[in-house]
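S.K.: Chains as they are written, first to last, in numbering that gives the first Met the number 0: chain A, 0 to 575; chain B, 0 to 310.
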Amino acid sequence: MKNSKLFWLLGLVLVLSIFLAACGGGDDSDTSTESETPEEETDTPAEGEESEGASGEPDAEQVLNLVEGAEIPSMDSAIAEDAVAFNILNNVNEGLFRLNEENVAIPALAESEPEISEDGLTYTFKLRDANWSDGTPVTAQDFEFAWKRALDPEVGSPYGPYMMAGTIKGATEVSEGADPSELGVVAEDEKTLVVTLERPTPYFMSLMAFGTFYPQNEAFVTEKGDDYALNSDNLLYNGPFMLTNWDGTGLTWTMEKNPEYWDAETVQLETINVDVVKETSTALNLYQSGEKDRAGLSGEFAMQYADDPEVVRELEPTLFYLKFNQERNGEETPLANVNIRKAISMSFNKQDLVDVVLANGSLPANYLVPTEFTFTEDGADFREVNGDLTGFDVEQAQEFWATGLEEIGETEVTLELLGGDSELAGKMDAYLKEQMETNLEGLTVNLKAVPFGVRLELDEAQDYDMQNSGWGPDYQDPMTFIDLFVTGASHNLMSYSSEEFDSLVEQAKGELAQDATARWEAMAEAERILIEEDAAIAPIYQRATMALQKPYVQNIISHPFGGDYSYKWAFISGKE
Amino acid sequence: MARYIGKRIIYMVITLALIATFTFFLMKILPGSPIASADKLSPEQRAVVEARYGLDDPLPVQYFNYMFGLVQGDLGISINQFKGADVTDVILSRMGPSAQIGFQGMLLGTVLGILLGMIAALRQNTWVDYSSTIVAIIGISIPSFVFASMLQYFLGLKLGWFPVALWKDGFMSSVLPSIALAMFPLATAARFIRTEMIEVLSSDYITLAKAKGASGSEIAFKHAFRNALIPLITVLGPMAVGILTGSLVVEQIFAIPGIGEQFVKSIMVSDFSIIMGTTIFFSVFLILVILIVDIMYGIIDPRIRLSGGKS
């Protein structure tokens, strides 16, 4: 009798755990960016009547109320690896550089542009007078300490090695256990930091705005030991705001203006109240009730609110594309044929996809490097250098298809399309299948929807035909997208290999690194070969997101990489 | 009695060990790595991060390390949900709100359910009875997330009687989530009490009480209700499970910093130590509820023998 009750209980717990396991898996449909946080207006469709409200007088009360999509996993800048943490870090701390309102990296804790040696390998930064929130000065030693800490195997930081290896001299070795003094980072005195690079890195300044490169106060970190960064009292701040009321595991925190910040007079907001709300519908209800000033619109909500006057749209530098696997289980797939690849990449209508299926302001993409992401020194978008490289064209697709079939000697081809298991991913892949099968006679597409973790495993094993995949940038340079497809690169995993492409990337990273124009041309040519000539991947769309934002919220700046938003310049104007 | 409880505690420990073992291996079968940026790291870099969290050991070694820590009360350290935080601290810091809405939901649900069930039984086959049955069916069949969303929209946003969400206004914040959680115990209790009451009301001793001239309410409360209450205790276990699973979604919808809400996230991000810690915590809770139910049983109804059952 009692035994059976125990079994009943055991069974119950097992059923419960299976049910829960089924909930898991995550439905991030891309690889790198997470969190569906509120975002920014670049061209706000502001309330017509308050047309001068955008530049109106700030209110007496400067309080911003936000929601966030997830908890803070870690506020330790050496360990952080997620969107939430990098966003807060960007607002409560500061590195040598900071992305400004135009998304250009400008000196922040650095007093001015660094002195760069002739060979482009040595950077000498002079620090400005700035303090931590406890009043102690920020020194060059704080940078040296933090960067070495991010590479220490004992600390186990994922982003430290990822961001520094191959860029800063000795970073790879130090991350694998070599003596930290081999790292090319030296604090010559309190105000001078000398950084030696492995190879010239034209985008190095924008990296200095990234959270992993922020300073940490050695005395403070050592004093706190294992408790460092576990709650808002065990942290120091040197940015526009200070984090407060964060207990380390809770769903709520506050950012308060930091009086010690060197540029405190620019900061207008006094308080930012943040609550984690994971349900979009809940966030919207809080927005409607006036408790929150911003709420993200994901999935079906985007369509529902598309015409709301308070909607703000934001284009993200995240690109989605089909990967064509040319070799599966040691055998060539039909996709090894370039004409087959070209046919498929031209066979689906991207405009309809973004308008009808996604309906969130995303752009159809005929390119790999996103638009509104990287600019030349005179402000020209990389996309102006390289226009559309492919496109939806049924007639041409059918021609390529006929040629391709002839070349591989088949009349019918069956391919698998691997994709995510979220509702949106399912709809999108079903649409792609329908388009491809309608426009290309003899093609059968089998859909395979799996959780994110499984997709990564299949990708790693190169066990798929076509895969709906995505990528967000790690630094502000076209290279963050382009070098994904070099022969043998860890994201390639589809047996694409082009000598010409590889050598262009090599040149852009090596001998052309100091010549901005030639370097951009090399990258543009590489992108053209990848997409137009080889159709190694088929771009689908560049993601945009939508949010509702109260008209009295002004000047929240969104960034293409690193922290998603800056509140440094934000203010409240015209709230009753 | 002491011997009985001692024996039960031994069973509890065995059950827990089994649950921990099953969960551990099931979890390891789950695809996905707890290292969020795994796809960005080179194999060498990944090995360094895995070593930091002991994920590079062979599975049996990881298992014994975990069980050894568990015996000493060490639930380990969160891998990626709250990097570096003690799992015990995470659970303790999240326990309060969950316990509050769980307890309030259970209390509200059981009390209302009993009332509903009694009225239905006393007015058997009238409209009162039918509407009580309908409420019970709705309570069982509407998923708590639908019910919670409706409460939030109508009572929170439209009428403004209670906070829409968040855990900021003390008791007021707990009202809507508690009501949402109360639906399952309410429906369960109502159905149960109705059936039991009807059975008891037709038994001989009720007829006798009637013959002796006891009043209607006296019969209903003093005789019928007390006897109908005993079987209700048996469903306290399933009701606790219902509250627990309900809390996973209800907490998320009302953005309450509870354990259930945090548990869902830990599975999404494959934070092994948090998943294990929370599962074990939930199991201990359920096992205790069942033990208490069994002991209460013996106290309320001496006919049920505790020491027997040597089959």
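C-beta: ideal position from N, C-alpha, C; glycine also. A quick note: this is a predicted structure, and the numbers were derived from the prediction, not measured.
#1: Mapping the DSSP letters down to three states, classify ARG127 (chain A) as helix, strand or coil.
#2: Terminal residues of the continuous alpha helix (DSSP H) containing LEU431 (chain A)?
#3: Is ALA156 (chain B) close to chain A? Criterion is C-beta to C-beta, closer than 7 angstroms.
#4: Output needed in chain order: residues of the region 137-153 of chain B with a Cβ under 8 angstroms from some Cβ in chain A.
#5: Enumerate in chain order the residues of its own chain whose CB-to-CB distance from LEU314 (chain A) is below 6 angstroms, with the five nearest sequence positions on each side excluded.
#6: Does the region 507-517 of chain A come into contact with the region 267-280 of chain A, if we say contact requires no fewer than three beta-carbon pairs (one atom in each stretch) closer than 8 angstroms?
#7: Are any of the Cβ atoms in chain A nearer than 7 angstroms to that of GLY31 (chain B)?
#8: From the beta carbon of ALA223 (chain B), is the nearest beta carbon of chain A less than 7 angstroms away?
#9: Compare the Cα-Cα distances from TRP519 (chain A) to each of A:SER494, A:GLN553, A:PRO550 and A:ASP476 and report the closest residue.
#10: Is the distance from the Cβ of GLY342 (chain B) to the Cβ of ALA188 (chain B) below 7 angstroms?
#11: At what residues does the beta strand (DSSP E) containing PHE347 (chain A) begin and finish?
#12: Looking at the unbroken beta strand (DSSP E) that takes in ARG312 (chain A), where does it start and where does it end?
#13: Determine the burial state of PHE220 (chain B): buried for a count of at least 16 other Cβ atoms within 10 Å of its Cβ, exposed for fewer.
#14: Around the Cβ of GLU260 (chain B), are there at least 16 other Cβ atoms within 10 angstroms (buried) or fewer (exposed)?
#15: Are the C-beta atoms of GLN251 (chain B) and some chain A residue less than 7 angstroms apart?
#16: Look at LEU95 (chain A) and PHE124 (chain A) and say whether their C-beta atoms are less than 7 angstroms apart.
#17: For LEU283 (chain A) and ASP462 (chain A), what's the separation of their Cα atoms in angstroms?
#18: Quick one: complete beta strand (DSSP E) runs, 3+ long, within the region 54-91 of chain A?
#19: Just to make sure I have the definition right: I need the residues of chain B whose C-beta is within less than 9 angstroms of the C-beta of VAL356 (chain A). Which are they?
#20: Where do the ends of the beta strand (DSSP E) carrying TRP252 (chain A) lie?
#21: Find the residues of chain A that neighbour ARG51 (chain B), judging by a C-beta separation of less than 8 angstroms, and give them in chain order.
#22: Give the straight-line distance between the Cα atoms of CYS22 (chain A) and ILE78 (chain B), rounded to the nearest whole angstrom.
#23: Here's the rule: buried if 16 or more other CB atoms are within 10 angstroms of the residue's CB, otherwise exposed. What is LYS147 (chain B)?
#24: Can you say whether SER572 (chain A) is buried or exposed, counting buried as having 16 or more other CB atoms within 10 angstroms of its CB?
#25: Find the residues of chain A that neighbour PRO256 (chain B), judging by a C-beta separation of less than 7 angstroms, and give them in chain order.
#26: Write down the C-beta distance between VAL86 (chain B) and ILE273 (chain B) rounded to the nearest angstrom, noting that I regard them as a contact closer than 8 angstroms.
#27: Use the C-beta contact count for LYS27 (chain B): other C-beta atoms within 10 angstroms, 16 or more gives buried, fewer gives exposed.
#28: So, for GLY155 (chain B): in the same chain, excluding its five sequence neighbours on each side, which residues have a beta-carbon less than 8 angstroms away from its beta-carbon?
#29: Specify, as a first and last residue, the run of the beta strand (DSSP E) that TRP146 (chain A) falls within.
#30: Please state whether the Cβ-Cβ distance between SER92 (chain B) and PRO157 (chain A) is less than 7 angstroms.
#31: Look up VAL220 (chain A) in the DSSP assignment and give the residues it is bridged to.
#32: Can you name the residues that DSSP bridges to TYR564 (chain A)?
#33: Quick check on DSSP: helix, strand or coil for PRO176 (chain B)?
#34: Measuring alpha carbon to alpha carbon, tell me which of A:GLU112, A:GLU189, A:PRO160 and A:GLY418 ends up nearest PRO136 (chain A).
#35: Can the beta-carbon of TYR540 (chain A) be found less than 7 angstroms from the beta-carbon of PHE391 (chain A)?
#36: What residue range does the beta strand (DSSP E) around ARG542 (chain A) cover?
M.R.: Reading it off the structure:
#1: coil
#2: 422-438
#3: Checking the sequence shown, residue 156 (chain B) turns out to be Leu, not Ala. It does; some Cβ of chain A falls within 7 angstroms.
#4: SER148, GLN151 and TYR152
#5: GLU371 and ALA543
#6: no
#7: yes
#8: no
#9: A:ASP476
#10: Outside the displayed span of chain B (0 to 310) sits residue 342 (chain B), for which this structure offers no information.
#11: Note, PHE347 (chain A): premise wrong, no beta strand (DSSP E); not H, not E.
#12: 310-323
#13: exposed
#14: buried
#15: yes
#16: yes
#17: 40 angstroms
#18: 62-67
#19: Here the premise fails: no neighbours, minimum Cβ distance about 24 angstroms.
#20: 251-256
#21: PRO152, GLU153, VAL154 and GLY155
#22: A caution first: CYS22 (chain A) carries a pLDDT of 41, below 50, which makes its placement in the model too unreliable to give a value.
#23: The sequence as given places Ala at residue 147 (chain B); Lys does not occur at that position. ALA147 (chain B) should be labelled buried.
#24: buried
#25: GLY249 and LEU250
#26: 6 angstroms
#27: exposed
#28: PHE161, PRO162, VAL163, ALA164 and LEU175
#29: Looking at the DSSP string, TRP146 (chain A) is not in any beta strand (DSSP E); the run it does join, the alpha helix (DSSP H), is 139-150.
#30: no
#31: VAL220 (chain A) is not bridged to any residue.
#32: A:SER557
#33: helix
#34: A:GLU189
#35: no
#36: 536-548
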